[in-house]
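See below for the structure under consideration.
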Amino acid sequence: MSINPSGWRPSLAANDTVQEPTGTVTGNRALTLEEPLLFELGTSDTCGVDLPVPDDAISPRLGGLERDEAIGLPGLSEPETVRHYTRLSRQNYAIDLGIFPLGSCTMKHNPRLNEKVARLPGFADLHPLQPEMTVQGALGVIAELGEWLLRLTAMAGVAMSPKAGAHGELCGILCIRAALEARGDAREVILVPESAHGTNPATAAFANYRVESIPGTPEGRVDLEALKARLGGDVAAVMITNPNTCGLFERDMKAISDATHAAGAFVYCDGANFNAIVGRVRPGDLGIDAMHINLHKTFSTPHGGGGPGSGPVVLSQALAPFAPLPFVVRTAEGYRLVEEETAADNGGVQAFGRMSAFHGQMGMFTRALAYILSHGADGLRQVAEDAVLAANYVLRSLDDVLDAPFGASGPCMHEALFSDRGFADGISTIDVAKALIDEGFHPMTMYFPLVVHGAMLIEPTECESKASLDQFIAALRHIAERARSGDSALSEAPIHAPRRRLDETLAARKPRLVWRD
Amino acid sequence: MRYLPLTEADRSAMLERIGASSVDALFADVPETARLAGPVEGLPGHAGEMAVERHMTRLATQNASAGSVPFFLGAGAYRHHVPASVDHLIQRGEFLTAYTPYQPEIAQGTLQMLFEFQTQVARLLGCDVANASMYDGSTACWEAIAMAGRITRRKKAILSSGLHPHYVATVETMARFTGDAIHYAPPALVAEPDIEALAAQVDQETGCVVVQYPDILGRIGDLSALAEAVHDVGALLVAVVTEPVALGAIRSPGAMGADIVVGEGQSLGVGLQFGGPYLGLFATREKYVRQMPGRLAGETVDAAGRRGFVLTLSTREQHIRREKATSNICTNSGLCALAFSVHLTLLGEKGLRALAAENHRLACLAADRLARVPGVSIINTSFFNEFALRIDGDARQVVRDLAAKGLLAGVSLGRLYPGQSDLAGGLLVAVTETVEQEDIEALAAGLEEALA
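These protein sequence lines map, in sequence, to chains A and B.
Here the first sequence is numbered in the working numbering, starting from 1 and rising by one per residue.
Here the second sequence is numbered in the working numbering, starting from 1001 and rising by one per residue.
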């Protein structure tokens, strides 16, 4: 029996029948440390902050609603707090530790300069509702970043307030809806390619559109003829990801845009993969009407274990007037934050309202701007080139041991796509991914895009050295060979991680989402 | 360039392996007409760390930071002292530079933290379960209305006049596209929140009633009777908390019968940051968990029988359900959730209560002091750390005039409700533990001078 049983599923029966896989009394293995839950460590009487003792002499004005029962919040002293979270942090893989080749997610290095500038009191300690004259520099950041985004994309307007990529998608689709409504043209359908991110159909459905799928060609691109055949008076927009989720540039993008516009519809571009073309291709030149830009992908703001993101949306001339409130304008007297607007002062059309309470993800704007200024126009171009170069290097270094379904379609862009074809019976993509964990890597994106069986989508980014790429390639090559030869030990992987494979079915069947004493 | 490790020799060797003559050849699928021959025109080139820092610092110094002046702004974003260890811990690279925990075997740190966060949030808001966070309070508020619609299959939502007007605007934007009927009117400058009036408004078509607690004017009302009235017609009560520190002093909305409680978590750990990123809190009853939006961390076991955590119930989510998902949300506000959780762990029950008591004490002092300023009347009889006052004059202009003198006096209702002339004299004053006695004196003196 462990001296620290709390780390050993205390909430489930048969606790003492569990075999300790480590063979140590604590369950720890040297630097791999088990950590109990906060609720097993803390007490309601412990506090890591020094605060004045409440003054009983005050007669409260709380409407007679003084809290009369305990909340149930355990506290820790400062040293215990630092240790708890530091120990937890060490159970995470991170870009700071090594290559994080999640396709479509773009895990690039997060420069620490960005963290430093975001924490300047003049940005971090600023209230969103301070009078304009006291926040001119902050409005200047929003305006300057917006200007960069417009020039890099050759678009006419930008909405800065969306809080993440999917929120940006929604913003773009709502702009399209508003523009169509303004011309009295009710349309019901949005066309989405089969290979699209799940957020695309979810967004379209949320905005009350019916989603219809467009087929792809055998070479992994949108079927232009099928698209043209489907376009009609009921189609509001086409949502295209370019470069697409198969890692390919949509060669026919301009033709897709032209056909869509001819049918009176708009082109939405999912900009999740803009990092592949930034500085080399401007989406505005391809006829795009709206595109969100994930600042946490292309412009290196940290992913933080799942957010916060930031998803500004660039808009064409036709959609720009419909951008949501608030927005920043430059006047002779300085920057102004427009929070209210009537149709009269906006050329007869009206911004469609707010997408969220304040002005967007300011903390991400400062980081993204610092990144953009560091690279400059020339450096951003190099970013795209190195990202594409690294992905093609991975593709061509492994396509003899892994099936590259679109390997004959030409060079890939920023990500290399493989399938599970050629694996021995009983070996799946997930086994290869988990084996990479044992080799000290974060796996690639698995089972996406859905159009490829057992998909493995690898996005190395521009931030890996050649030595890092070579090491990753060597490990994956070795695992691929094991997968082809049917090495059943792969199904046991990972064996060296803080946890073996976790039972996701159990988690979903009997959800335990909070700790209960 | 300091962020790009490849050398020219590396690039040549890699092109050789690929079998391409140049990097340009890798962009062959881009139509000739759309391929830029050089860097985008009209934009500067790369810059060193020192130059970038200088540029950003110059912009930062053009702002009056909250800590540099007497500061009384609230209205949905509050300035609290954040312990130094919070910011240190969220900058651990293993938290900062990790992704959504799709590979749980090497993401237990994030997953366990989220499980702990969910528990803290559920307990604080008085609910059974909470999710792993949303973008912010306003978007969480809309998601709650959408969720109530899924549960009740009714499209009518009644919003309290005390709901933050930016939250109302966010909801109205979304509802315009989904066809939900939103009933709302701006607040009146009176002492009591509109809870009784809301109870009188509910009918058989009502899907949910949304009430802020404390409300936009800082008023605190008992939600119990409203919850009963709402439940009587088969509707749900959604409560919105924009200042979670208040819940260290007052009863939780869940304990008073709210079915969904959402909130803005910025107060704890996150900081002001000019409005974002913030942290949406979202909690509800166990029976509604499958209708809940957003990521969820859940407990399970690994192949060796050890406790572990995974993202779960993802069949609600967009990457599985696509157009049938409960929400299009993919990203949450993970790092802000970590900051919130660390701050709340440092405080614990005892600390949160002491922090709340100190906020309330200072706010009472400030209210009493400002009540003595000629031309000022305090609206509230109940409040936590923020209250509304009415001044003789245009509060928006007064706030601007005082800002020019280095005093950030509060949020005028004219800013929040442009065009509502009956609210033009309203000013919201928030008083947290960061306010000192002499700041209160400075505010009193400033108002006295402005109203003289």
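All C-beta atoms, glycine included, are put in the ideal place defined by N, C-alpha and C.
Owing to the predicted nature of the structure, the values given are computational and were not obtained by experimental measurement.
Residue state for residue 441(A) is assigned as coil, using DSSP reduced to three classes. Shown here, residue 95(A) sits in coil according to DSSP, grouped into three states, outside any helix or strand. Where residue 1030(B) is concerned, there is no enclosing alpha helix (DSSP H), because DSSP gives it neither an H nor an E.
Only residues of its own chain outside the window of five on either side were considered, and among them 252, 255, 256, 259 have a CB closer than 8 Å to the CB of residue 224(A), listed in chain order. Residue state for residue 191(A) is assigned as strand, using DSSP reduced to three classes. Judged by DSSP secondary structure, residue 1212(B) falls within the beta strand (DSSP E) whose first and last residues are 1206-1212. Residue 1366(B) sits close to residue 1429(B), with the two beta carbons spaced by under 8 Å.
Taking the Cβ atoms as the reference, residue 1413(B) lies roughly 4 Å from residue 1423(B), within the contact range of under 8 Å. Sequence-distant partners of residue 143(A) (beyond 5 residues in either direction) whose C-beta falls short of 7 Å from its own C-beta, in its chain, are 328, 330, 335. When the Cα atoms are used, residue 384(A) and residue 1039(B) turn out to be separated by approximately 11 Å.
Under the DSSP definition of a beta bridge, residue 1010(B) lacks any partner. Within the model, the alpha-carbon separation for residue 1160(B) versus residue 1427(B) is close to 19 Å.
Think of a sphere of 8 Å around the beta carbon of residue 1403(B): the chain A residues whose beta carbon falls inside it are 130, 131, 133, 134, in chain order.
Per DSSP, the continuous alpha helix (DSSP H) segment holding residue 1111(B) begins and ends at 1108-1125.
Residue pairing by DSSP puts residue 1378(B) in a beta bridge opposite 1389(B).
Exclusion of the five residues before and after residue 107(A) leaves 95, 100 as the residues of its chain whose Cβ lies within less than 6 Å of its Cβ.
Contact check for residue 168(A) and residue 292(A): beta-carbon distance about 3 Å, within the 8 Å limit, so the pair qualifies. Contacts with chain B at 8 Å (Cβ-Cβ) include residue 120(A).
In the DSSP assignment, residue 1448(B) falls within the unbroken alpha helix (DSSP H) covering 1437-1451. In the three-state scheme derived from DSSP, where H, G and I count as helix and E and B as strand, residue 210(A) is classed as strand. The alpha-carbon of residue 263(A) is positioned some 18 Å away from that of residue 175(A). At a Cβ-Cβ threshold of 8 Å, residue 1241(B) and residue 1260(B) do not count as neighbours. In the DSSP assignment, residue 336(A) falls within the unbroken beta strand (DSSP E) covering 334-338. One finds nothing in chain A with a Cβ atom closer than 9 Å to the Cβ of residue 1208(B); even the nearest lies about 18 Å away.
Taking the CA atoms as reference points, residue 1098(B) sits about 5 Å from residue 305(A). Interface annotation for the stretch 316-330 of chain A against chain B: 324, 325, criterion Cβ-Cβ distance under 9 Å. Two segments are said to touch when three or more pairs of C-beta atoms, one from each, lie closer than 8 Å; by this definition the stretch 1204-1219 of chain B does not touch the stretch 1442-1450 of chain B. In this structure, the alpha-carbon of residue 297(A) lies about 21 Å from that of residue 455(A). Measuring C-alpha to C-alpha distances from residue 333(A) to each of 140(A), 209(A), 491(A) identifies 140(A) as the nearest.
Spanning the alpha carbons of residue 290(A) and residue 516(A) requires a straight line of approximately 46 Å. Chain A places no beta carbon closer than 8 Å to that of residue 1184(B), leaving this residue out of the contacts. In this structure, the beta-carbon distance from residue 459(A) to residue 492(A) does not fall below 8 Å. In this structure, the straight-line span from the alpha carbon of residue 1374(B) to that of residue 1442(B) is close to 15 Å. A residue is called buried when at least 16 other Cβ atoms come within 10 angstroms of its Cβ; residue 31(A) does not meet this threshold and is exposed. Interface criterion not met: the Cβ of residue 458(A) is under 8 Å from no Cβ in chain B. Counting only residues of its own chain and dropping the five nearest sequence neighbours on each side, residue 322(A) has a CB closer than 7 Å to the CB of 175, 178, 179, 349, 351, 352.
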